[in-house]
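When we follow the numbering used here, the leftmost residue of the sequence shown carries the number 113, and every step to the right adds one. The beta-carbon is built from N, C-alpha and C at its ideal position, and this holds for glycine as well. Everything numeric in this text was worked out from a predicted model, so none of it was measured. The structure appears right after this line, and notes come after that.
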Amino acid sequence: MNRKKALTSLEKIMPNKLLNQMQYIHCSLVSWWILNWGSQPLKFSEKSAMVFTPHQDDETFGCGGMIARKREQGIPVAIAFLTDGRGSHGLDTDTQNLIHIRQQESLTALSILGVNSSEIHFLNYQDGSLSTLNLEIKKQIITEISQLLQSYKPGEVYVPHRKDCHRDHEATYSLVKEAINQAGITTEIFQYPIWIFWRSPLFILLKLQDIAAAYRFSITSVKEKKQRAITAYPSQIQMLPYGFIKRFLNSEEIFFKSES
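What follows is the structure, given as structure tokens:
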């Protein structure tokens, strides 16, 4: 059994309340250490940005402050959602209604952050499927992402962390990397962590060399705006532990720089 499977198995047998307490403590310690000791400041950039996100809410949690700061300066920011978000409430739910709710929530959240609806793209692949796409569908989604990249030519690309402890998140990173190569553009790539601090004990999945690429980005001036955007996702907030959400209410966001 590999380390990731072992962690998943451990999660399943632990009482939920105890697991959440342990994850909150771990997440808080890792975030504190990175913000205070294990990162360097990331200067504000006037480069245009494109954010690729597997689900409706990841973009706001992971880099809502960066989005808001750029948009306040009139810098173009485009967003692409890879999945339809149907998987957040399990199987016993009205799938089409949930897809609609999550799309509307994302439009509201991104409006708060300053992104025009014309710059928001829904690719609508099935939630939970990105790591198991057959070759034909994989080529199709890479081509769609590549076309978006060629259209926008962003100076910066933001993607979930490549070890983010969620199959759709990790697959998004790989798909976007392949699409960047296919598009033949030059851009800076930043990874935003969503689940890795919460689910992965330090140094089991997140190695020292990963942390060496950490940056902290001040969002103090737009902190309240990001918090309002997060509350625009009520369907997701009710499903997530408060300790998990609290990590994203800080005055700084964490990014990891990736090789182009």
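Between V269 and the set V189, I137, Q350 and C277, the nearest pair of CA atoms involves V189. Looking at E365, Q135 and E371, the one whose alpha-carbon comes closest to that of Y285 is E371. Per DSSP, V227 lies in no beta strand (DSSP E) and is assigned neither H nor E. DSSP places R359 in no alpha helix (DSSP H); its state is neither H nor E. Around C277, the same chain offers W307, I308, R311 and S312 as residues with beta carbons nearer than 6 Å, after the five sequence neighbours per side are excluded. Measuring C-alpha to C-alpha distances from S333 to each of E248, K289, L225 and Q303 identifies L225 as the nearest.
No residue range can be given for V334, since it is assigned to no alpha helix (DSSP H) and is classified by DSSP as neither H nor E. Per DSSP, P305 is not a residue of any beta strand (DSSP E), being assigned neither H nor E. Judged by pairs of C-beta atoms under 8 Å, the stretch 148–160 does not touch the stretch 336–343, as fewer than three such pairs exist. D169 and Q348 have their C-alpha atoms spaced approximately 8 Å apart. For the pair T255 and A291, the Cα-to-Cα distance works out to about 7 Å. With respect to the C-alpha of Y354, the residue from Q135, D196 and P127 having the closest C-alpha is Q135. Just so you know, the alpha carbons of F234 and F193 end up roughly 5 Å apart. Taking all protein chains in view, the Cβ of T205 is surrounded by fewer than 16 other Cβ atoms within 10 Å, so the residue is classified as exposed. Under the Cβ criterion (8 Å, minimum of three pairs), the stretch 158–176 counts as touching the stretch 208–225.
Judged by their CB atoms, L242 and R274 are not nearer to each other than the 8 Å cut-off. Across the structure, N128 and L352 are spaced so that their CA atoms are roughly 12 Å apart.
When the Cα atoms are used, E171 and I301 turn out to be separated by approximately 15 Å. Under DSSP, H233 shares a beta bridge with A192. Nearest Cα to H167 within the set D322, L245 and D196: D196.
Nearest in C-alpha terms to Q216, of all of Q252, E364 and A344, is A344.
Linking Y304 to K155 through their CA atoms gives a straight-line distance of about 16 Å.
In the structure shown, Q152 adopts extended strand secondary structure according to DSSP, grouped into three states.
DSSP, read as helix, strand or coil, puts K369 in strand.
Secondary structure at M162: strand, using DSSP grouped into helix, strand and coil.
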